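Chains as they are written, first to last, in the working numbering: chain A, 81 to 440; chain B, 8 to 297; chain C, 339 to 589.
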Amino acid sequence: MKDLRAIAIFAGLMASVPLFVHSGVVLNLCMMALFATLLSQSWNILGGFGGQFSFGHALFFGMGAYTQGVFQIQFGLNPWLCLVLAMGSSAMLGLLVGGLSFRYGLKGSYFALITLAFAEVFRILALSANFTGAGVGLMLPLSESVGNMQFSSRVGFIWLMLFWVVCALLITSWLRRSRLGAYLQAVRDNEDAAQALGVDPFQVKWLACGLSAALMGVAGAFYLQVFQYIDPALAFGPHTSISALVGAIVGGMGTLWGPVLGAFALEILSELTRNLFGELPGINMVIYGALLILIMVFLPRGFAGIRWQGLQRDVKRTPSSGSIGVSASVKGLEERLQVGDALTSGAESQPKSDRSKVQT
Amino acid sequence: MFDLSIVFSSVLNGLTMGAVYTLIALGLTLIYGVLHIINFAHGAALMVALYGVYFLKVKLGIDPYLALPVVVPSMFVVGYFLQKVIINHASHGKDENILLVTLGISIVLENLALLLFNSDTRNIETSYTLSTVAVGPAMIAIPKLLSCLGALVVSLMLIVFMRTTDLGRAIRAVAKEKAGARLMGIDVEHVYAMCFGIGLSCLGAAACFLLPAFYVNPTVGNGFVLVAFTIVVLGGMGSFLGACVGGLLIGVIESVGGLFLGDSLGQVGIFVIFILVLLVRPQGLFGLKA
Amino acid sequence: MTLLQVKSLSHSFGGLKAVQGVSLSIQAGSLTALIGPNGAGKTTLFSLMSGFIKPDEGDIVFKGQTITGLAAFQCARLGLTRTFQIVQPFAAQTVRENICVGAYLNHPRLEDAMQLAEKVARQVGLSGVLDQAAAQLTVAGRKRLELARALATEPKLLLLDEVLAGLNPFEIQEMIPVIRGLVSAGVTVLMIEHVMQAVMSLAEYAWVLSQGQLIFEGTPANVSKDDKVIEAYLGQGMAQRMAQSVKGTDQ
Numbered sequence: 081m082k083d084l085r086a087i088a089i090f091a092g093l094m095a096s097v098p099l100f101v102h103s104g105v106v107l108n109l110c111m112m113a114l115f116a117t118l119l120s121q122s123w124n125i126l127g128g129f130g131g132q133f134s135f136g137h138a139l140f141f142g143m144g145a146y147t148q149g150v151f152q153i154q155f156g157l158n159p160w161l162c163l164v165l166a167m168g169s170s171a172m173l174g175l176l177v178g179g180l181s182f183r184y185g186l187k188g189s190y191f192a193l194i195t196l197a198f199a200e201v202f203r204i205l206a207l208s209a210n211f212t213g214a215g216v217g218l219m220l221p222l223s224e225s226v227g228n229m230q231f232s233s234r235v236g237f238i239w240l241m242l243f244w245v246v247c248a249l250l251i252t253s254w255l256r257r258s259r260l261g262a263y264l265q266a267v268r269d270n271e272d273a274a275q276a277l278g279v280d281p282f283q284v285k286w287l288a289c290g291l292s293a294a295l296m297g298v299a300g301a302f303y304l305q306v307f308q309y310i311d312p313a314l315a316f317g318p319h320t321s322i323s324a325l326v327g328a329i330v331g332g333m334g335t336l337w338g339p340v341l342g343a344f345a346l347e348i349l350s351e352l353t354r355n356l357f358g359e360l361p362g363i364n365m366v367i368y369g370a371l372l373i374l375i376m377v378f379l380p381r382g383f384a385g386i387r388w389q390g391l392q393r394d395v396k397r398t399p400s401s402g403s404i405g406v407s408a409s410v411k412g413l414e415e416r417l418q419v420g421d422a423l424t425s426g427a428e429s430q431p432k433s434d435r436s437k438v439q440t
Numbered sequence: 008m009f010d011l012s013i014v015f016s017s018v019l020n021g022l023t024m025g026a027v028y029t030l031i032a033l034g035l036t037l038i039y040g041v042l043h044i045i046n047f048a049h050g051a052a053l054m055v056a057l058y059g060v061y062f063l064k065v066k067l068g069i070d071p072y073l074a075l076p077v078v079v080p081s082m083f084v085v086g087y088f089l090q091k092v093i094i095n096h097a098s099h100g101k102d103e104n105i106l107l108v109t110l111g112i113s114i115v116l117e118n119l120a121l122l123l124f125n126s127d128t129r130n131i132e133t134s135y136t137l138s139t140v141a142v143g144p145a146m147i148a149i150p151k152l153l154s155c156l157g158a159l160v161v162s163l164m165l166i167v168f169m170r171t172t173d174l175g176r177a178i179r180a181v182a183k184e185k186a187g188a189r190l191m192g193i194d195v196e197h198v199y200a201m202c203f204g205i206g207l208s209c210l211g212a213a214a215c216f217l218l219p220a221f222y223v224n225p226t227v228g229n230g231f232v233l234v235a236f237t238i239v240v241l242g243g244m245g246s247f248l249g250a251c252v253g254g255l256l257i258g259v260i261e262s263v264g265g266l267f268l269g270d271s272l273g274q275v276g277i278f279v280i281f282i283l284v285l286l287v288r289p290q291g292l293f294g295l296k297a
Numbered sequence: 339m340t341l342l343q344v345k346s347l348s349h350s351f352g353g354l355k356a357v358q359g360v361s362l363s364i365q366a367g368s369l370t371a372l373i374g375p376n377g378a379g380k381t382t383l384f385s386l387m388s389g390f391i392k393p394d395e396g397d398i399v400f401k402g403q404t405i406t407g408l409a410a411f412q413c414a415r416l417g418l419t420r421t422f423q424i425v426q427p428f429a430a431q432t433v434r435e436n437i438c439v440g441a442y443l444n445h446p447r448l449e450d451a452m453q454l455a456e457k458v459a460r461q462v463g464l465s466g467v468l469d470q471a472a473a474q475l476t477v478a479g480r481k482r483l484e485l486a487r488a489l490a491t492e493p494k495l496l497l498l499d500e501v502l503a504g505l506n507p508f509e510i511q512e513m514i515p516v517i518r519g520l521v522s523a524g525v526t527v528l529m530i531e532h533v534m535q536a537v538m539s540l541a542e543y544a545w546v547l548s549q550g551q552l553i554f555e556g557t558p559a560n561v562s563k564d565d566k567v568i569e570a571y572l573g574q575g576m577a578q579r580m581a582q583s584v585k586g587t588d589q
């Protein structure tokens, strides 16, 4: 299958980078790019495929990070076990928030707003509670070993992150050829039409939210392991939420490779900016914001969206009959679409077109 | 437990803040009611206005209240430009795109401010910053009192404007029936831009009233955005009356909540209300169906 | 056997009584029509029957089971589905993918769904455009897609809402055998239609709705002769005037 082959090639390439490249800067960039990719991929599941734009996706990131931290520090659990817990707790939070939001029929802007509100609530709670370290945050004691999920160089983290990115790619690929994925996209494109075909919109969106949140939780746990520190602003703040969505949108929502493209591009861009302008506070985000605006104005489907048709096509199909007839018959019929959908009575006549029959 | 006069003082404070909130919310609800845009950039725009007022005072010595004639029109121009040049071209017919564009604008504005002015929190000193006046058993800081009165006056002016002027009527026409308004010869794009401009000029006025009793830093917009949305959703999207009632209500809740729960948790209270309203009664108290 | 029974269905939108006390009964294997002037409440009735709107009063019984108040997707899963007056394709997807969404209902595996999608596409005449983006189809194409998608759910009862609207006479001529073919394939059809030639040639029975109420039912031939129906379409007193003018020409 084309998808799986491409994923395998990607995985192989990325995995071998640490073997041939030893520059700390490049390895760090690699790791951060993979991290950003996971953020965008998880947002993409709910936002790109599901059409539900979350503006507070950091909610699940922070949940994962704090779960990872609290269970390690307060309860002394093994980090690998904590990772599973982090994923689980984020998934449950995702199901809770998604369940509430979708049960009450929130969509579009209202959904975006409520995710923002939830993220803010959790930020303030983390800021106030003692077991999350309040304003000081949580610090992971240094203890390098594979068993402790702390690696002396970036290489270990790269492979760990790559594993999850590949998982996310596989999940996304599965969404593209499974019933759940088809239902999810149908609900995104037209909820009423989907309902008429037997799709339960709530169930589908709810599951997507949980799945998306779980991956986000993994990213959060990972962040803590790499930087050994988390605080409410990093965990639940807008920076993470924005990175997640800008990467997915710039790269191309609802596609397999869009988030990868977008995240990598943004990370490289950030690195370039850092080199050109130094550590200017906020310059990164200015660029992200500007890109978001530009993409929305000029290229709403993102970069992957340009070749969207090509990327989406990976399912084996039988050769369609009468293709010549089709191209002649559909040529030049765009103008009919303008008149199209508003017609409700049979009285209006269509402009005659020079087409042969569509049917063969 | 708490001395009644403290509670009264808290309520009064809440009302004065609430008046400014009302002004902010009016701009937001106007934009939503007419353009059906949820303007995520509202908080960032307020922050821009606040910086404007700040620098006018610090660099040119202009008192915030005297800066009104400068700040309000400037914000109007900013708003007009944003809508006409950027937002208008981003919709491509889909609401989600506008959502993202306003988000993008807010990100750019906030981080430009961070870049240019760094993250310090700044406030201004005026001759009347510390003076207070007695209202009943409570003492109100003069700046707060002035901001309250100012906000109420401007809000009233806005409401009168919408009802009596030609532009106001055009705006209401476009809000109700865009296609019909266009057929009547109303330039809808122009009205949209005017509307956005007016919405932002409300922020300009709010900034002038707010800064003497408040502060500014690049992220101050974030706090206001969610509060503004809470008010607008609570009051009802597109409802002026709702924005007024909601603003005052939220102001009081925030103040009294902060009194009993501490500042941070008081804020949580507001967001919880927001979430509850969104879930249970999204049309708010006075709203038309969103 | 009676496939669907609608009992005294009523629904109001605010003060507007959209549907008032409508009762009808659809036999399995029939091709019937729901007609009436614009604004009569036909589409509302469809929405009520298929679960998109919960009726204020009344009951709906499908295959012997009461389905009043069930959500639209639940009705679809039971075999009752509808198309939309204003076509609603999944614009971002191809024709094949669109139909697949319907096919998935009874065929969870991708390969099976794809197979059914292709079969259905052949049935309605869309084989040639399977890989086109749905957004690129003509009006006629979109109507067929609407039909194909619904068919792919393998429904027992299909409610077609003005599937011929917006088609030119040539396209209508092409669609009529497709619709007739549905019944021979085992699907019971109730269609809302304004195109009278189609109603006359296709439907074996018709219900006439006017201002939310059922004013007449019968074979198409009888329907066209009934006074109330004529008045509903042409205005009050028209039946009398028409009768008088006929008398006048007879003399």
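Glycine residues also receive a C-beta, built at the ideal position from the N, C-alpha and C atoms. These figures come from a predicted structure and were not determined experimentally.
Give a yes or no on whether 8 Å exceeds the smallest Cβ distance from A/Phe383 to chain B. In the first sequence, the residue the question calls residue 383 of chain A occupies position 303. Chain B contact via Cβ: absent.
Suppose you measure from the CA of C/Pro375 to the CA of C/Gln511; what does that come to, to the nearest Å? Here residue 375 of chain C is taken as the residue at index 37 of the third sequence, counted from 1. Here residue 511 of chain C is taken as the residue at index 173 of the third sequence, counted from 1. Going by the C-alpha atoms only, they are around 23 Å apart.
What residues are listed by DSSP as bridge partners for C/Phe351? For this step, residue 351 of chain C is matched to residue 13 along the third sequence. Answer by DSSP bridge pairing, in chain order: C/Leu354.
Is the shortest distance between the beta-carbon of A/Asp311 and the beta-carbons of chain C less than 8 Å? Residue numbering aside, residue 311 of chain A sits at position 231 when the first sequence is read from its first letter. A/Asp311 does not count as touching chain C.
Give me the residue from B/Ala26, B/Leu256, B/Ala180 and B/Met201 with the minimum Cα distance to B/Met191. Taking the second sequence and counting its residues from 1, the one referred to as residue 191 of chain B is at position 184. Of B/Ala26, B/Leu256, B/Ala180 and B/Met201, the residue nearest in Cα terms is B/Ala180.
Under a CB-based cut-off of 8 Å, is C/Gln426 close to chain A? Counting from one through the third sequence, the residue named residue 426 of chain C turns up at place 88. Closer than 8 Å to some Cβ of chain A, the Cβ of C/Gln426 qualifies, so yes.
Are the C-beta of A/Asn270 and some C-beta of chain C separated by less than 8 Å? Taking the first residue of the first sequence as 1, we reach residue 270 of chain A at position 190. A/Asn270 counts as touching chain C.
Partner residues on chain B for A/Met376, Cβ-Cβ distance less than 7 Å: Indexing the first sequence from 1 puts residue 376 of chain A at position 296. Under the 7 Å cutoff, chain B gives Ala97, Asn104, Leu107, Val108 and Gly111.
Beta-ladder partner(s) of B/Thr139, from DSSP: Start at 1 with the first residue of the second sequence, and residue 139 of chain B comes out as number 132. B/Ala148, per the DSSP bridge assignment.
Buried or exposed by the 16-neighbour rule on C-beta atoms within 10 Å, applied to A/Leu413: Here residue 413 of chain A refers to the residue found at position 333 of the first sequence. Summary for A/Leu413: the model assigns pLDDT 34, below 50, so the residue's position carries little reliability; its value from the coordinates is reported in the next sentence. Residue environment analysis places A/Leu413 among the buried positions, since at least 16 neighbouring C-beta atoms fall within 10 angstroms of its C-beta.
Grab the span of the alpha helix (DSSP H) containing C/Val439 for me, first residue to last. Walking along the third sequence from the start, residue 439 of chain C turns up at place 101. Where C/Val439 is concerned, the enclosing alpha helix (DSSP H) stretches over Val433 to Ala441.
For a quick check, are the C-beta atoms of A/Ala199 and A/Ala138 less than 8 Å apart? As a working mapping, residue 199 of chain A is identified with position 119 in the first sequence. As a working mapping, residue 138 of chain A is identified with position 58 in the first sequence. Yes, the pair counts as a contact, with Cβ atoms nearer than the cut-off.
Report the residues of the stretch 106-135 of chain A with a CB closer than 7 Å to any CB of chain B, ordered along the chain. Result list: Phe133 and Phe135.
Give me the residue from B/Glu261, B/Ala235 and B/Tyr222 with the minimum Cα distance to B/Gly249. Here residue 249 of chain B corresponds to residue number 242 of the second sequence, with the count starting at 1. The residue from B/Glu261, B/Ala235 and B/Tyr222 with its alpha-carbon nearest to that of B/Gly249 is B/Ala235.
So, with DSSP's three-state summary, where would you put C/Ala371? On the third sequence, residue 371 of chain C is found 33 positions in, with the first residue counted as 1. Strand at C/Ala371.
Using a Cβ-Cβ cut-off of 6 Å (strictly less than) and excluding sequence neighbours within five positions of A/Gly290, which residues of its own chain qualify? Along the first sequence, one-based indexing puts residue 290 of chain A at 210. The residues are Ala171, Gly174 and Leu175.
Please compile the residues from chain A whose C-beta is within a distance smaller than 7 Å of the C-beta of C/Pro446. Against the third sequence, residue 446 of chain C aligns to sequence position 108. By Cβ distance, chain A contributes Arg259.
Please check the pair C/Val439 and A/Leu277, which I expect to be a contact at CB under 8 Å, by giving their CB distance rounded to whole angstroms. For this step, residue 439 of chain C is matched to residue 101 along the third sequence. For this step, residue 277 of chain A is matched to residue 197 along the first sequence. Correct: roughly 5 Å between the Cβ atoms.
Taking DSSP as the reference, what is the three-state secondary structure of B/Ala42? For the purposes of this step, residue 42 of chain B is identified with residue 35 of the second sequence, where counting begins at 1. Note on identity: in this sequence residue 42 of chain B is Leu, with Ala being the wrong assignment. If DSSP states are grouped into helix, strand and coil, B/Leu42 belongs with the helices.
Could you name the residues of the same chain whose beta carbon sits closer than 7 Å to that of A/Phe282, not counting the 5 residues immediately before and after it, in chain order? Mapped onto the first sequence, residue 282 of chain A falls at position 202. For A/Phe282, where only same-chain residues beyond five positions count, the Cβ hits under 7 Å are Phe182 and Arg183.
C-alpha gap between C/Val462 and C/Ala455, whole angstroms: Indexing the third sequence from 1 puts residue 462 of chain C at position 124. Indexing the third sequence from 1 puts residue 455 of chain C at position 117. Computed Cα separation, rounded: 11 Å.
What residues match up with C/Ile364 in a beta bridge as DSSP calls it? Position 26 of the third sequence, counting from 1, holds the residue named residue 364 of chain C. Beta-bridge pairing links C/Ile364 to C/Leu342.
How about C/Thr382 and C/Ile391: do their beta carbons lie closer than 8 Å? Position 44 of the third sequence, counted from the first residue, corresponds to residue 382 of chain C. Position 53 of the third sequence, counted from the first residue, corresponds to residue 391 of chain C. Going by C-beta atoms, C/Thr382 is nearer than 8 Å to C/Ile391.
Should C/Asp499 go down as buried or exposed, given a rule of 16 or more other Cβ atoms within 10 Å for buried? In the third sequence, the residue the question calls residue 499 of chain C occupies position 161. Burial call: buried.
Using the beta-carbon count (16 or more within 10 Å), is B/Thr237 buried or exposed? Numbered from its first residue, the second sequence carries residue 237 of chain B at position 230. It is buried - the Cβ of B/Thr237 has at least 16 other Cβ atoms within 10 Å.
Between which two residues does the alpha helix (DSSP H) harbouring A/Trp244 extend? On the first sequence, residue 244 of chain A is found 164 positions in, with the first residue counted as 1. Taken as a continuous stretch (DSSP letters only), the alpha helix (DSSP H) holding A/Trp244 covers Arg234 to Arg256.
Straight-line CA distance for C/Arg518 to A/Met94? The residue given as residue 518 of chain C occupies position 180 in the third sequence. The residue given as residue 94 of chain A occupies position 14 in the first sequence. Going by the C-alpha atoms only, they are around 58 Å apart.
Any residues in the stretch 383-401 of chain C with a beta carbon nearer than 9 Å to a beta carbon of chain A? Which ones, in chain order? Ser388, Gly389 and Phe390
Assigned secondary structure, C/Glu509 (DSSP; H/G/I helix, E/B strand, else coil): On the third sequence, position 171 is the one that residue 509 of chain C refers to. Judged by DSSP in its simplified three-state form, C/Glu509 adopts helix.
Measuring only between beta-carbons, confirm whether A/Phe198 sits less than 8 Å from chain B. Here residue 198 of chain A refers to the residue found at position 118 when the first sequence is read from its first residue. With 8 Å as the cut-off, A/Phe198 counts as an interface residue toward chain B.
Let me check understanding here. Comparing Cα to Cα, which of A/Ile238, A/Ser134, A/Leu114 and A/Phe129 lies closest to A/Val267? Counting from one through the first sequence, the residue named residue 267 of chain A turns up at place 187. Of A/Ile238, A/Ser134, A/Leu114 and A/Phe129, the residue nearest in Cα terms is A/Phe129.
Which listed residue (B/Gly276, B/Asn95, B/Thr133 and B/Leu53) has its alpha carbon closest to that of B/Val65: Looking up residue 65 of chain B in the second sequence gives position 58. Closest option to B/Val65, Cα to Cα, is B/Thr133.
Of all Cβ atoms in chain C, is any one closer than 8 Å to the Cβ of A/Leu165? To locate residue 165 of chain A, count along the first sequence from 1; it is residue 85. Not closer than 8 Å to any Cβ of chain C, the Cβ of A/Leu165 fails to qualify, so no.
CA-to-CA distance, A/Val306 to B/Asp270, given in whole angstroms: The residue labelled residue 270 of chain B in the question sits at position 263 within the second sequence. The residue labelled residue 306 of chain A in the question sits at position 226 within the first sequence. Spanning the two alpha carbons is a distance of roughly 33 Å.
Looking at the secondary structure, which residues open and close the alpha helix (DSSP H) in which B/Ala235 lies? Your numbering for residue 235 of chain B matches position 228 in the second sequence. Val227 to Gly242 is the span of the alpha helix (DSSP H), which, as asked, contains B/Ala235.
Look at C/Thr419 and C/Thr491 and say whether their C-beta atoms are less than 8 Å apart. What you label residue 419 of chain C is simply residue 81 of the third sequence in a count that begins at 1. What you label residue 491 of chain C is simply residue 153 of the third sequence in a count that begins at 1. Yes, they are a contact pair.
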